[in-house]
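Participant:
Residue numbers (full-length UniProt numbering): 1 to 683.
1. Where does residue 529 fall in DSSP's three states?
2. Going by C-alpha distance, which of 151, 128 and 354 is nearest residue 142?
3. In terms of alpha-carbon separation, which member of 269, 211 and 265 lies closest to residue 193?
4. Identify the residues that DSSP records as bridge partners of residue 174: which are they?
5. Between residue 393 and residue 363, which are expected to be in contact by the criterion C-beta below 8 Å, what is the C-beta distance as a whole number of angstroms?
6. Would you mind sorting residue 502 into buried or exposed? The rule is 16 or more other CB atoms within 10 Å of its CB.
7. As a quick exercise: from 415, 150, 463 and 653, pick the residue whose alpha carbon is nearest that of residue 77.
8. Taking residue 249 as the reference, give the member of 271, 265 and 243 with the closest Cα.
9. Taking only three categories from DSSP, how would you classify residue 140?
10. Residues in the same chain with beta-carbon distance under 6 Å from residue 675, minus the five sequence neighbours each way, listed in chain order, please.
11. Between the beta-carbon of residue 156 and the beta-carbon of residue 608, is there less than 8 Å?
12. Considering only DSSP beta bridges, list what residue 341 is partnered with.
13. Which two residues bound the contiguous beta strand (DSSP E) that contains residue 612?
14. Counting beta carbon pairs with one atom in the region 409-416 and one in the region 448-467, are three or more of them shorter than 8 Å?
15. In angstroms with no decimal places, state the Cα-to-Cα distance between residue 584 and residue 96.
16. Residue 512: which of 173, 38 and 422 sits nearest, CA to CA?
17. Compute the Euclidean distance between the alpha carbons of residue 230 and residue 187, then round it to the nearest angstrom.
18. Are residue 395 and residue 348 close, meaning C-beta to C-beta below 8 Å?
19. Among residues of its own chain, excluding the 5 on either side of residue 664, which ones have a beta-carbon nearer than 6 Å to its beta-carbon?
20. From 242, 74 and 251, pick the residue whose C-alpha is nearest to that of residue 169; which is it?
21. For the region 434-443 against the region 353-372, do three or more pairs of beta-carbon atoms, one drawn from each stretch, fall closer than 8 Å, so that the two count as touching?
22. Once you ignore the five residues that flank residue 212 on each side, which residues in its own chain have a CB closer than 8 Å to its CB?
23. By the 10 Å Cβ neighbour count, where 16 or more other Cβ atoms means buried, how is residue 677 classified, buried or exposed?
24. What span of residues does the beta strand (DSSP E) with residue 596 cover, start to end?
25. Helix, strand or coil for residue 663, going by three-state DSSP, please let me know.
26. DSSP state of residue 393, grouped into three classes?
27. Which residue comes first and which comes last in the beta strand (DSSP E) that contains residue 640?
28. Could I get the ranges of all uninterrupted alpha helix (DSSP H) runs contained in the region 34-71, with 4 residues as the minimum, in chain order?
29. Cα separation between residue 241 and residue 89?
30. Where does residue 369 fall in DSSP's three states?
31. Using only the alpha-carbon positions, how far apart do residue 673 and residue 23 sit?
32. So what does DSSP say about residue 243, is it helix, strand or coil?
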């Protein structure tokens, strides 16, 4: 029980202070006049003012509350290295015992793990959340049990009590890590880009480690290659991408004896390969309405460099015009078809037939160009079925179908074959507003030799045939009436989308591969997609970063598309294979933020700990004792840490009793006034 005097004035404070001033003036005037009872007058004034102040005795019934010490235990990934889990467990038990030995003190333990995504160690966030549940008046101290590697120092809370840190780890800890300091997100195919790497040693590095180490480089999970590089220096690595889409490059260094972890010995760089410009050679034969359609389609794309070779005047036309006046400059056929043919990404023959302008050696060179990785598209007209067809040239060896010499002239609507429903070039092509495609009126009858028929015409005859030849690709369109779709005849059709997909498939864009295994990631969840022309059930084997494997069955969600989702248990590089195809994907960085720095250090905690006069002590030097210190005093020393008792309490009952009735003060004032009058009257 405690008591104190409180005041509840009967007058507003300004009036009460005015009364005090008036009383002082009156007493001062009596003293100045030499009245012998001035001090009695003063006491009478005090009695009146005391009555106006209404003094009371407040008595409280208080229940003492215990002091609280908060222990924040870091259980992030870096705290699971070496023997740190054992150090942490022993330290928690010792802190429990030390707090239990203190009077009126309790311990609250808060544990936290890795932050969401790649946030790292959110130590101060965990401390703030723990303090939010503790009354500040009862907080006697906070202890952080950690390795000191945190990533949210800017969220450090203010504390009314000492903050301490107990550091795990050993004096002889050391670690080696590989860092990618510079890597572009995009790169142009065929052009060199430079990545900057650095290999760092941290901590107490043994002298036997040397100044160099071996770095292994693997592209898209392929055969790794090793190089000897110096340690502690920036390394510029030139890289040339050889395919479009995502390129995954993994760098790694071998784990060394005694280092803390190999989780930061690897780095993954994902670079999207893009084409600078698409160089297209369009070779047109006899003029027809579709020729302008091809040209306009290709010229509408600013990323396409088009070279158009066209025959506007057949050689057999004799009108007496001198040959020197047929063109302003001679067309560089030899330069295009012999010297610079490899510079083109795509060659298109649009209703072209042999007329003696391009000799057989040029067609032979086109065939070699395709076999070495080039792309050839033939839009066939009636001439493709005749004796002068370019099929009657060295191109016959690479074309997927042979003309039967028949040209069918009747209306029909192009259709996608069953195989075409699964092929990425024609999968999902639909007419606008759900209507039917417009008709075409010509079809060159073909006899397929190989390849894949993805579109058909009259009586299911082949209309679009795709094939792979050597390292290149060939597409044969058995009609020259695609321009009718462009003109919107009978509602038109998806010509633009079809030709775009066709060009990208011929350019070997990964998203249009008919047999492909790919994966995309959002956070820790990856979406696995297997494209295939086969209807066989599919499954993939997933190799995790920790060396374990999982098998996952895929579900066919669309024709030719099998998908599944998988939540990775940890960040790092995952390898996927279905027995035929392989791919790799990184969830977060291969070396998460948690492993950027693994050596225990209290450097980052210096500022918040020093602000509360707390201390930072390593556990390898021994577990410190806990002592109580007065508020504002230094709270740490050799082998000990201090907490500040708060003396908090809970008030259970309050009693207020007036010191005396008002009439007592008035009677006292009257007696003092009479006494002053009698004293002054005698004088």
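Just so it is clear, CB atoms sit at the ideal spot from N, CA and C, and this is done for glycine as well. Computed from a predicted structure; not experimentally measured.
Facilitator: Taking the geometry as given:
1. strand
2. 128
3. 269
4. 203
5. 4 Å
6. buried
7. 150
8. 271
9. strand
10. 40
11. yes
12. In the DSSP output, where bridge partners are listed per residue, residue 341 has none listed.
13. From DSSP, residue 612 is part of no beta strand (DSSP E); its letter is neither H nor E.
14. yes
15. 47 Å
16. 422
17. 27 Å
18. no
19. none
20. 74
21. no
22. 228, 229, 230 and 231
23. exposed
24. Per DSSP, residue 596 belongs to no beta strand (DSSP E) and is neither H nor E.
25. helix
26. coil
27. 640-643
28. 38-53
29. 49 Å
30. helix
31. 13 Å
32. coil
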